[in-house]
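In the working numbering, the protein residues as written are 1032 to 1246.
A short write-up of the structure that comes next.
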């Protein structure tokens, strides 16, 4: 586990982020983006992702672009976070709140995890893949497991795509925000629109979400 912390992180929030090096991002870059936006203390705890579509998909689903389908290994990822990663975080920061953090499919995973476990205090879910097969059914039938603070965002051009599946993301995200507003375990919900499409400045969007949670 790699942890990046500001000067006084003892009781400050911890944000868990799955890093896929093939995406060309670094943990240091996200850490620096957040520090540029806030003076509040926090930690960024990073785990490695080697198969994005598998590790962050909550169940199996067909491919929506190219040939890469979703093999539904999200349960394995969640078990790893609960059984191995989170205890290590708690040993370092026993009084800190812990938030899942993700972009795109990882944003979907972060939100889904709050429906599956009470181990986290909330999530930062940016440009989440809420177009995912059967997500609307799942969200309508479940409640967030424990009191949570949730940040959601979406680019204002993300739904303007020719892909019939992915074009659902705007309506699905609006509907998800309404569902969360009515969920008694959602103590605070942030929802905002960003300018641009799905691939525009993902780290800046995630950093903005973390900053909203930090207050």
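All residues carry an ideal CB built from backbone N, CA and C; glycine is no exception.
Asked: Give me the residue from 1055, 1073 and 1095 with the minimum Cα distance to residue 1081.; Found: 1055
Asked: Nearest to residue 1205 by alpha carbon, out of 1185, 1065, 1214 and 1040?; Found: 1185
Asked: Might you give, ordered along the chain, the residues of its own chain that have their beta carbon closer than 6 Å to the beta carbon of residue 1136, omitting 5 neighbours on each side?; Found: 1087 and 1160
Asked: Between residue 1128 and the rest of its own chain, which residues show a CB-CB distance below 6 Å, the 5 nearest in sequence each way excluded?; Found: 1044 and 1152
Asked: Do the CB positions of residue 1245 and residue 1064 come within less than 7 Å of each other?; Found: no
Asked: Based on the DSSP output, what are the partners of residue 1045 in its beta bridges?; Found: 1074 and 1129
Asked: If you draw a straight line from the C-alpha of residue 1125 to the C-alpha of residue 1194, how long is it?; Found: 45 Å
Asked: For residue 1169 and residue 1199, I'd like the C-alpha separation in whole angstroms.; Found: 15 Å
Asked: Is it the case that the Cβ atoms of residue 1102 and residue 1094 are separated by a distance below 7 Å?; Found: no
Asked: Is the beta carbon of residue 1157 sitting closer than 7 Å to the one on residue 1240?; Found: yes
Asked: Does DSSP put residue 1170 in a helix, a strand or coil?; Found: helix
Asked: Check each candidate in 1176, 1179, 1073 and 1138 and name the one with the smallest Cα separation from residue 1229.; Found: 1138
Asked: Quick check on residue 1077: buried or exposed, where buried means 16 or more other Cβ atoms within 10 Å of its Cβ?; Found: buried
Asked: Could you tell me which whole alpha helix (DSSP H) segments of length 4 or greater appear in the segment 1053–1127?; Found: 1058–1066, 1083–1086, 1105–1111 and 1117–1123
Asked: Can at least three beta-carbon pairs, one atom from the segment 1170–1181 and one from the segment 1202–1219, be found at a separation below 8 Å?; Found: yes
Asked: Would you say residue 1140 and residue 1182 are within 7 Å of each other, going by their C-beta atoms?; Found: no
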